[in-house]
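Here the structure comes first, spelled out in structure tokens, and everything after it is commentary.
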Amino acid sequence: MAMMKPHTLSGFMELLPAPQAQMERMMEILRRTFSLYGFTPLDTPILEASEVLLAKGGGETEKQIYRFQKGDSDLSLRFDLTVPLAKYVALHYGDLTFPFRRYQIGKVYRGERAQRGRFREFYQADIDVIGDGKLDILNEAEIPAIIYRTFTAMGLRRFQIRVNNRKILNGFYAMQHLGAQAGDIMRAVDKLDKIGPEKVSESLREDLGLSGEQASAILDFTKITGCNADVLAALECYRGRSDVFDAGLDELTAVTRCLAAFGVPETHFAVDLTIARGLDYYTGTVYETTMLDHPEIGSICSGGRYDNLAEYYTDRQLPGVGISIGLTRLFYVLGEQGYLNAGLNTAPCDVLVLPMTADLTPAIAVATALRAEGIRTQLYGEQKKFKAKLSYADKLGIPYVLLLGEDEIAAGVCSVKDLRTGEQVTVPIGEAAARIHAGLKADGTVVLEP
RNA sequence: GUGGGUGUAGCGUAGCUGGUUAGCGCGUCAGAUUGUGGUUCUGAAGAUCGAGGGUUCGAAUCCCUUCACCCACCCCA
3 MAMMKPHTLS GFMELLPAPQ AQMERMMEIL RRTFSLYGFT PLDTPILEAS
53 EVLLAKGGGE TEKQIYRFQK GDSDLSLRFD LTVPLAKYVA LHYGDLTFPF
103 RRYQIGKVYR GERAQRGRFR EFYQADIDVI GDGKLDILNE AEIPAIIYRT
153 FTAMGLRRFQ IRVNNRKILN GFYAMQHLGA QAGDIMRAVD KLDKIGPEKV
203 SESLREDLGL SGEQASAILD FTKITGCNAD VLAALECYRG RSDVFDAGLD
253 ELTAVTRCLA AFGVPETHFA VDLTIARGLD YYTGTVYETT MLDHPEIGSI
303 CSGGRYDNLA EYYTDRQLPG VGISIGLTRL FYVLGEQGYL NAGLNTAPCD
353 VLVLPMTADL TPAIAVATAL RAEGIRTQLY GEQKKFKAKL SYADKLGIPY
403 VLLLGEDEIA AGVCSVKDLR TGEQVTVPIG EAAARIHAGL KADGTVVLEP
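As structure tokens, then:
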């Protein structure tokens, strides 16, 4: 039988052990930070009935979703974590306490062309707050504050969370009598950074059939930039001409105020009237986060307020606000920039026990004792040459090796070698754990509690 | 989905105006050193040149087909 070449599908990330350890570390930070704000962990199926995921119907989702038949079932892979959440909340409404705050880290799937920093299977780390009937604006300010804290905890510095409000855009376009084309216009305006104002104006007039006055009114609107206070002040000039716009401006102003109180510096947070992206279910505040040094990779975290997502599954009004970190993309960018692996121990364990005798039981006893002390211990039982055993520890980056030969066993001692310094000491077996603990703590390596 | 580019040992690559044993680096394995790794030295293994077909005395090299991957667009985390 011909052997087939092993390969991994395009757009699917598969990591080696060391980077995988880094990825897990990032997820730990996310879980810890989300818990800090009172979010409860949640998991939902990767597969859902197609009618659930496509309830909203149409649009880009329909084109990009992985959908297939199994028997008579019409199934789809989830393309985000928010739509499944809406289903979950509608389904378990009676058993949940509102506002319902949950975080979820899981893989999602999008059948589009893979590219640098763009995957077909990727992790999203979501936090959402779902209200019963109503949901206070405070939540919309807290979400980016959490993101700020999360990214900071991961060691990121050069990122910016940009905020806008769909009501402001929709209200403004309504003033220009362009309400029906709001979506297309937002998409055109979104290209400002990429192709410049002239091309955008051209696109507005030629592709969307707007008048010259309308196009320049839109471009003038996007030119409202500066510090957050300036932008908000400039927006006040448009007040009084659209109820929707006024509501959006009130919300954006409130969010901006709260964010300052949450301790998010203005360097990391900006009101930006050009952002409008994200899925089309957003109805109010929208967020988008980019790395300042790598804008070309796109948003690594975005979300917003959605008032009507659950309407396909329930008659109840269940407004929500949430945000999604593109973990796989974030990890990819960090890895590419060499920001990962800085001084982090990615070894699978802290010590490798090397039995040098035919009888393995003394080594087994030592390994068991070390584990009882919370030291991550691996027992190496392969009949290899001594140098091969040491080389194994070296390649995996295991910091300590514990040698147990005839002489040591007879004397009730063991040899503990620090592979990083090459230093080796012989200590009573009972003291080995304390010795390794001390060395690990000095290095700041995470040690499991006994 | 549309347009462009690239496919040579596990990985990164040279060779590409056709010319006979496809070269190098990293990694792997072995030895120097059978209780001392990471450094160094020596040696070895490892490639149906993405696949299929065609042109030719002769194809990694030229032509066709196909597949895969990458980039751009679309859209998005």
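By the count of this note's numbering, the first sequence reaches residue 452 at its end, each step adding exactly one. Think of the CB as a built atom: it goes at the ideal place given N, C-alpha and C, for glycine as much as any other residue.
What is the residue span of the beta strand (DSSP E) that residue i lies within?
| i | result |
| --- | --- |
| Phe70 | 69 to 72 |
| Cys303 | 303 to 308 |
| Glu50 | 49 to 51 |
| Gln162 | 161 to 167 |
| Leu406 | 402 to 406 |
| Glu290 | 287 to 293 |
| Phe271 | 271 to 273 |
Between which two residues does the alpha helix (DSSP H) containing residue i stretch?
| i | result |
| --- | --- |
| Leu336 | 329 to 338 |
| Leu392 | 388 to 398 |
| Glu215 | 214 to 224 |
| Val85 | 84 to 93 |
| Gln24 | 19 to 38 |
For residue i versus residue j, is the C-beta distance shorter than 7 Å?
| i | j | result |
| --- | --- | --- |
| Thr359 | Glu408 | yes |
| Phe174 | Asp134 | no |
| Thr285 | Arg168 | yes |
| Ala434 | Glu375 | no |
| Tyr334 | Gly119 | yes |
| Gln66 | Arg112 | yes |
| Ile302 | Leu275 | no |
| Gly13 | Phe121 | yes |
| Met188 | Ser244 | no |
| Leu237 | Leu251 | yes |
| Phe320 | Ile132 | Residue 320 is actually Leu in this sequence, not Phe. Cβ atoms of Leu320 and Ile132: closer than 7 Å. |
| Gln106 | Leu44 | yes |
| Tyr315 | Tyr283 | no |
| Val415 | Thr423 | no |
| Ile149 | Ala256 | no |
| Arg151 | Glu290 | no |
| Ala147 | Phe41 | no |
| Lys391 | Leu356 | yes |
| Thr348 | Ala20 | yes |
| Ala155 | Thr10 | no |
| Ala190 | Asn172 | no |
Just tell me which of the options has its CA closest to the CA of residue i.
| i | options | result |
| --- | --- | --- |
| Leu406 | Ile400, His439, Val353, Ser393 | Val353 |
| Ala369 | Val257, Gln339, Gly432 | Gly432 |
| Met28 | Ala127, Ile48, Phe81, Lys58 | Ala127 |
| Phe51 | Val429, Ala23, Ala262, Lys89 | The sequence given here places Ala at residue 51; Phe does not occur at that position. If we check each option's Cα against that of Ala51, Lys89 comes out closest. |
| Ala217 | Ser203, Phe264, Lys443 | Ser203 |
| Ala219 | Leu234, Tyr240, Gly228 | Tyr240 |
| Met15 | Gln117, Gln71, Phe124 | Phe124 |
| Ser75 | Gly61, Glu53, Leu87 | Glu53 |
| Ala143 | Gly157, Leu93, Gly322, Leu56 | Gly322 |
| Asp420 | Ala412, Ile438, Ile411 | Ile438 |
| Glu268 | Pro297, Pro350, Leu137, Cys229 | Cys229 |
| Lys58 | Thr287, Thr84, Glu298, Pro297 | Thr84 |
Rounded to whole angstroms, how far is the Cβ of residue i from the Cβ of residue j, which I believe are closer than 8 Å?
| i | j | result |
| --- | --- | --- |
| Gly328 | Ile145 | With 8 Å as the limit, Gly328 and Ile145 do not qualify as a contact, their Cβ atoms being about 16 Å apart. |
| Asn141 | Ile277 | With 8 Å as the limit, Asn141 and Ile277 do not qualify as a contact, their Cβ atoms being about 19 Å apart. |
| Arg233 | Thr227 | Rather than Arg, the amino acid found at residue 233 in this sequence is Val. Correct: roughly 7 Å between the Cβ atoms. |
| Gln162 | Leu294 | 6 Å |
| Gln24 | Leu342 | 5 Å |
| Leu79 | Ile170 | Going by Cβ atoms, the distance from Leu79 to Ile170 rounds to 34 Å, so no, they are not a contact pair. |
Name the DSSP beta bridge partners of residue i, please?
| i | result |
| --- | --- |
| Thr428 | Ser417 |
| Ile129 | Tyr105, Ile325 |
| Asp76 | Gln71 |
| Pro350 | According to DSSP, Pro350 bridges with nothing at all. |
| Tyr111 | Glu123 |
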